[in-house]
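Colleague: Protein chains in written order, with this note's numbering: chain A, 2 to 217; chain B, 35 to 289.
Glycine is no exception: its CB is placed at the ideal position from the N, C-alpha and C atoms.
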Amino acid sequence: MRVAVVDYGAGNLVSIDQALSRVGADVVIARDRGAIEDADALVVPGVGAAGPAMRRLARSGLLDAIRTWLADDRPYLGICLGLQLLFDGSDEDGTETLGVIEGRTVRLEDAPTLPHIGWNQVDRRRDHPLFDGIPDGADLYFVHSYAGVPRDVSVALATTMHGRQFVSAVARGPILGVQFHPERSGRDGLRLLANFVAIARAGSARTAIQPAGVTA
Amino acid sequence: MLRRRVIPCLDVADGRVVKGTRFVDLVDMGDPADLAERYAADGADEIVFLDIAAAPERRRTLLDVVERTARRAFIPLTVGGGVRSVIDMRDVLRAGADKVSLNTAAVAQPNLIARCADRFGRQAVVVAIDLRRRREADGWEVVIEGGRTPTGLDGVAWAERVVELGAGELLVTSIDRDGTGGGYDVDALWAIRSRVGVPVIASGGASGPDDLIRAIQDGGADAVLAAGMFHRGTHTIGSVKAAMYAAGLDIRTAA
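1) At 9 Å on the CB atoms, spell out the chain B contacts of A/Leu191, in chain order.
2) In its own chain, which residues sit with a C-beta less than 8 Å from the C-beta of B/Glu179, not counting the 5 before and 5 after it?
3) Within 10 angstroms of the Cβ of A/Gly187, are there 16 or more other Cβ atoms? Answer buried if so, exposed if not.
4) For B/Gly262, which three-state DSSP category applies?
5) Which value, in whole angstroms, describes the spacing of the CA atoms of A/Leu194 and A/Leu14?
6) Any chance you could list the beta strand (DSSP E) runs of at least 3 consecutive residues sitting entirely within the region 157–222 of chain B, in chain order?
7) Buried or exposed: A/Gln166, going by 16 or more other Cβ atoms within 10 Å of its Cβ?
8) Since B/Leu60 meets chain A, which of its residues come closer than 7 Å, beta carbon to beta carbon?
9) Tell me which residues of the region 132–163 of chain B have at least one Cβ-Cβ distance to chain A shorter than 7 Å, keeping chain order.
10) Tell me the residue span of the beta strand (DSSP E) that contains B/Asn137.
11) Assuming the contact rule is C-beta atoms closer than 8 Å, B/Val40 and B/Asp68 should be a hit. Round their C-beta distance to whole Å, please.
12) Apart from the five residues on each side of it in sequence, which residues of its chain come closer than 7 Å, Cβ to Cβ, to B/Thr287?
13) What is the rounded straight-line gap between the Cα of A/Ala170 and the Cα of B/Ala277?
14) Report the three-state DSSP secondary structure of B/Asp68 (helix, strand or coil).
15) With 8 Å set as the bound, which would you pick, yes or no: does the beta-carbon of A/Arg32 sit closer than that to a beta-carbon of chain B?
16) Once DSSP output is grouped into helix, strand and coil, what is the label at B/Met278?
17) Decide if B/Met123 is buried, meaning its Cβ has at least 16 other Cβ atoms within 10 Å, or exposed.
18) Determine whether the Cβ of B/Asp256 lies closer than 8 Å to any Cβ atom of chain A.
19) For A/Ser91, which beta-bridge partners are listed by DSSP?
20) If we call anything under 8 Å between Cβ atoms a contact, is B/Asp252 one with B/Arg38?
21) Could you list the residues in the region 114–135 of chain A with a C-beta less than 8 Å from some C-beta on chain B, going in chain order?
22) Can you confirm whether the region 136–155 of chain A touches the region 118–128 of chain A when touching is taken to mean that 3 or more C-beta pairs between the two stretches lie within less than 8 Å?
23) Pick from A/Ser146, A/Ala40 and A/Ser91: whose alpha carbon is nearest that of A/Ile67?
24) Which stretch, first to last residue, makes up the alpha helix (DSSP H) that contains B/Ile247?
25) Leaving out five residues before and five after A/Asp133 in sequence, what residues of the same chain have Cβ atoms less than 6 Å from its Cβ?
26) For B/Gly189, which of B/Ala240, B/Arg94 and B/Arg167 has the nearest alpha-carbon?
27) In whole angstroms, what separates the C-alpha of B/Leu199 from that of B/Ala193?
28) May I have the straight-line CA-CA distance separating B/Val117 from B/Ile147, to the nearest angstrom?
29) What do you get for A/Ser16, buried or exposed, if any count of 16 or more other CB atoms within 10 angstroms of its CB means buried?
30) At what residues does the alpha helix (DSSP H) containing A/Gly178 begin and finish?
31) Under 8 Å, do A/Phe181 and A/Tyr142 count as touching if we go by C-beta distance?
32) Between the region 35–57 of chain B and chain A, which residues of the former have a C-beta closer than 7 Å to a C-beta of the latter?
33) Is there a Cβ of chain A sitting closer than 8 Å to that of B/Pro233, yes or no?
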């Protein structure tokens, strides 16, 4: 099970690499599109603003590869900024993003503190295998000031309260995103990553009859 | 609800955790990654490493420690000590830290805060503020270099300034209380917490759960940091969290 973790120079990849390895994935750190094309699943981590991230992804050629990946409905897990990039655009700097999930990324309103840093409860809105074995209301680790607001609320898997309720996990088919950092969220976070790997594995088993490289 | 955090602090010199009073009589306490993993298993919400040697030629040792720890403790890691440039910060983040704490370098070149926040996001930039209560007047003065050097800066005004520049979190240490076990300087915490919108971590002076509870209830702290009481084993993360929970505070109880 080969999982490509997209590297666009923003920060800490050690913890996501280690956490995915711990749950049995073969991790490839992807700095160009070639590294993505051979993967079974894609993880896009990241913190910070959308604008610099989109520019760095474009420069390395990864942006087109990610767009193709998403258009083909292949297993994707966006973490923090990697989730926010799925929306149409970000109010943080006006950047247009990937547009896979309708809605925009906006600043958390009425928050008692910003950035929203620390462990907070993730309340489930519907059942999904991404959260198998994780208690409803589990504390997971957040570090952000913005969050995506989906137009279609049925994509929301979970919500969290910080001043106001915001969407903390989404799913649209095999395209998944979480606003918290599972790689920094202890045992429950590792469980979520294991679930993602299992979901991707089940998906690749179903599509295994396709010749390799069919989506390239 | 956003939980209040309990953060053990590990002073690191030459790749080992050390304990001492004001940087003298250092005693070896063990391997940083071992200790961090144990604290994480016991319910620590984050780990802070302070590199107290921070000599440039020892840089590689620190980065190795950060990477080994990040591979074993799946909770957030903040690293402070000796970060003086955007490149230093990049190296520490690449090694596996989630946040970097700026102290002396922020006083010497305040724009470093803005440059680091632009590059990595403000959530990754912690500014550590060491305070000494003024004797002749009200308020607190910012001190640097482990409290040896006064700066003339007012603590509250400096806190507001660094938040404007891009600090995403403040680590507020009372140098008067640090190592004394006399409790946090709750007045200083509240003076700052009531003026800024970013989270404030209380540091310096804790000797037991009552101090942690007071820092949150009376000082408004979002997180509490302690070192000696955990390293000595007089209290565990689990035992202080149980006391905080009993006091009605919102804390994370599962490890």
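Modeller: The answer reads as follows:
1) In the first sequence, the residue the question calls residue 191 of chain A occupies position 190. Phe108, listed in chain order.
2) Translated into positions along the second sequence, residue 179 of chain B becomes position 145. So the qualifying residues of the chain are Thr138.
3) Locating residue 187 of chain A in the first sequence gives position 186, where the first residue counts as 1. Classification of A/Gly187: buried, given that the 10 Å Cβ count is 16 or more.
4) In the second sequence, the residue the question calls residue 262 of chain B occupies position 228. Helix, per DSSP.
5) Counted from its first residue, the first sequence places residue 194 of chain A at position 193. Counted from its first residue, the first sequence places residue 14 of chain A at position 13. If I take the Cα positions, the gap works out to 15 Å.
6) The region 157–222 of chain B is shown to contain whole beta strand (DSSP E) runs of 3 or more residues at 159–167, 174–178, 183–188 and 203–208, in chain order.
7) Here residue 166 of chain A is taken as the residue at index 165 of the first sequence, counted from 1. A/Gln166 should be labelled exposed.
8) Against the second sequence, residue 60 of chain B aligns to sequence position 26. The premise fails here: B/Leu60 is roughly 28 Å from chain A at the closest Cβ pair, so nothing lies under 7 Å.
9) Under the 7 Å Cβ criterion, the region 132–163 of chain B contributes Asp132, Phe154, Gly155, Arg156, Gln157 and Ala158.
10) Taking the first residue of the second sequence as 1, we reach residue 137 of chain B at position 103. Looking at the DSSP string, B/Asn137 is not in any beta strand (DSSP E), and its letter there is neither H nor E.
11) In the second sequence, residue 40 of chain B corresponds to position 6, counting from 1. In the second sequence, residue 68 of chain B corresponds to position 34, counting from 1. At roughly 19 Å, the Cβ-Cβ gap does not stay under 8 Å, so B/Val40 and B/Asp68 are not in contact.
12) Counted from its first residue, the second sequence places residue 287 of chain B at position 253. Excluding positions up to five away in sequence, the list reads Lys275 and Tyr279.
13) Here the question's residue 170 of chain A lines up with position 169 in the first sequence. Here the question's residue 277 of chain B lines up with position 243 in the second sequence. Their Cα atoms are separated by approximately 32 Å.
14) Looking up residue 68 of chain B in the second sequence gives position 34. In the structure shown, B/Asp68 sits in a helix (DSSP, three-state: H, G or I).
15) For the purposes of this step, residue 32 of chain A is taken as the residue at position 31 of the first sequence. Nearest CB-CB separation between A/Arg32 and chain B: not below the 8 Å threshold.
16) What you label residue 278 of chain B is simply residue 244 of the second sequence in a count that begins at 1. Reduced to three states, the DSSP call for B/Met278 is helix.
17) If you number the second sequence from 1, residue 123 of chain B lands on position 89. Buried, by the Cβ-count rule.
18) Stepping through the second sequence from its first residue, residue 256 of chain B is reached at position 222. Yes, its Cβ sits closer than 8 Å to a Cβ of chain A.
19) Here residue 91 of chain A is taken as the residue at index 90 of the first sequence, counted from 1. Answer is A/Thr106, bridged to A/Ser91.
20) Within the second sequence, numbered from 1, the residue matching residue 252 of chain B stands at position 218. Within the second sequence, numbered from 1, the residue matching residue 38 of chain B stands at position 4. Their beta carbons are not under 8 Å apart, which means B/Asp252 does not touch B/Arg38 by this criterion.
21) Thr114, Leu115, Pro116, His117, Ile118, Gly119, Trp120, Asn121 and Gln122
22) yes
23) Locating residue 67 of chain A in the first sequence gives position 66, where the first residue counts as 1. The shortest C-alpha separation from A/Ile67 is found at A/Ala40.
24) Here the question's residue 247 of chain B lines up with position 213 in the second sequence. Here the alpha helix (DSSP H) through B/Ile247 covers Pro243 to Gln251.
25) Along the first sequence, one-based indexing puts residue 133 of chain A at 132. The answer, listed in chain order, is Asn196.
26) As a position in the second sequence, residue 189 of chain B is number 155, starting the count at 1. Closest option to B/Gly189, Cα to Cα, is B/Arg167.
27) Here residue 199 of chain B corresponds to residue number 165 of the second sequence, with the count starting at 1. Here residue 193 of chain B corresponds to residue number 159 of the second sequence, with the count starting at 1. So the alpha carbons of these two residues sit roughly 10 Å apart.
28) What you label residue 117 of chain B is simply residue 83 of the second sequence in a count that begins at 1. What you label residue 147 of chain B is simply residue 113 of the second sequence in a count that begins at 1. Going from the Cα of B/Val117 to the Cα of B/Ile147 covers about 11 Å.
29) The count along the first sequence starts at 1 and reaches residue 16 of chain A at position 15. Buried, since its Cβ has 16 or more Cβ neighbours within 10 Å.
30) For the purposes of this step, residue 178 of chain A is identified with residue 177 of the first sequence, where counting begins at 1. That residue, A/Gly178, is in no alpha helix (DSSP H); its beta strand (DSSP E) goes Ile176 to Val179.
31) Taking the first sequence and counting its residues from 1, one reaches residue 181 of chain A at position 180. Taking the first sequence and counting its residues from 1, one reaches residue 142 of chain A at position 141. Against a cut-off of 8 Å, the Cβ pair of A/Tyr142 and A/Phe181 comes out as a contact.
32) Met35, Leu36, Arg37 and Arg39
33) Taking the second sequence and counting its residues from 1, the one referred to as residue 233 of chain B is at position 199. True, the Cβ-Cβ gap to chain A drops below 8 Å.
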